[in-house]
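Quick note: the sequence shown uses our numbering, first residue 1112, plus one each step. Below is one structure, written out as structure tokens; comments come after it.
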Amino acid sequence: MLCRSIATKGIDKIKELLTEAEMAEIRIEKSGLNTDEVKQLFNLNNNLIATCRDTEGLLQSTRINLLKSAIDGGAKWIDIEVESDKDYALTLVKYAKNKNCKVIISYHNYNNTPNKKELNNIISECSKMGADLVKLATTVINKTDIINLLDLYSLNIPILSLGMGELGKITRIAAIKLGAPFTFVSCDSEDVTAPGQISESQMKNILNIL
């Protein structure tokens, strides 16, 4: 399944980008929406991921309320970073599970890809936090990084392992073939939300060829 990653301001623009999406991630911290708008938005599609990164200066309490509103609106998933404050993460994991919303615990590294031992330690920490899906997104420097990321699918756990950057593009394609429940795509080639992200139309063409 292809998941559109949407990091756009304004509810009307976001609604437009959700049109005909089989799945989408809403980057709430980029949206400028209030809690009522978030709840309304997540009521439009039953296959949405609510993400609210700690990158835009929002108070932790504000982020909690926005994510709770997304859950109340019907979010299928919420994404919580593994480095998050423990009380913050525990509050959201408990709230999500009580509302039958699945939890993604995610790790992002914009500098490199940790070695196998470190990756396994990160996965273990994500699992301890209550992950229904572990998401790893790391920067690929060489072919060994690609191999290490793809090898993680052999662990036979719910995981999405993605490489960022040009060299990492192959991992985004391989994810679907190796058992990930979805892979992230941009709405178009000008609207990427992570280095090396492939547009939805390009990904569909590639998967059709494969």
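The beta-carbon is built from N, C-alpha and C at its ideal position, and this holds for glycine as well.
Among residues of its own chain, excluding the 5 on either side of residue i, which ones have a beta-carbon nearer than 8 angstroms to its beta-carbon?
i	result
G1184	V1149, K1150, Q1151, L1152, F1153 and N1154
Quick one: does residue i have its CB under 8 angstroms from some CB of chain B?
i	result
G1279	Given the protein chain composition of this structure (a single chain), no chain B is represented.
For residue i, which residues of its own chain have a beta-carbon under 6 angstroms away from its beta-carbon, when the five flanking residues on both sides are left out?
i	result
G1290	Y1264
G1279	V1251 and G1307
Y1221	T1250
G1241	V1204 and V1214
Note down the Cα distance separating residue i from residue j, rounded to an integer number of angstroms.
i	j	result
P1345	D1147	Missing from the structure shown is residue 1345; the chain here goes from 1112 to 1321 and no further.
R1164	E1192	8 angstroms
A1286	L1271	7 angstroms
K1187	Q1313	26 angstroms
K1228	D1243	21 angstroms
K1288	S1195	30 angstroms
N1253	L1261	13 angstroms
D1211	H1219	Inspection of the sequence shows that residue 1211 is occupied by Asn rather than by Asp. Taking the straight line joining both Cα atoms gives about 25 angstroms.
S1217	I1320	30 angstroms
Measure from the alpha carbon of residue i to the alpha carbon of each residue in the options, then state which is nearest.
i	options	result
T1162	T1130, N1259, A1207 and E1277	A1207
T1166	N1156, S1142 and A1181	S1142
L1247	K1254, P1269 and N1253	P1269
A1132	L1169, E1311 and L1321	E1311
K1239	K1197, L1261, N1253 and N1220	K1197
L1203	Y1218, S1180, H1219 and T1304	S1180
I1137	T1130, K1124, I1117 and M1275	I1117
Cutting at 7 angstroms between CB atoms, please list the residues of its own chain near residue i, excluding the five before and the five after it.
i	result
E1199	It should be noted that the sequence gives Tyr, not Glu, for residue 1199. Once the five neighbours on either side are set aside, the close Cβ partners of Y1199 are Q1171 and I1175.
E1236	V1193
Please classify residue i as buried or exposed, where buried requires at least 16 neighbouring CB atoms within 10 angstroms.
i	result
E1140	buried
E1277	exposed
N1259	buried
L1230	buried
T1294	buried
I1215	buried
L1273	buried
L1318	exposed
I1234	buried
I1182	buried
L1144	buried
Assuming residue i and residue j make a contact with CB atoms under 8 angstroms, what is their CB distance in whole Å?
i	j	result
L1128	T1119	6 angstroms
I1281	I1257	6 angstroms
I1189	L1178	6 angstroms
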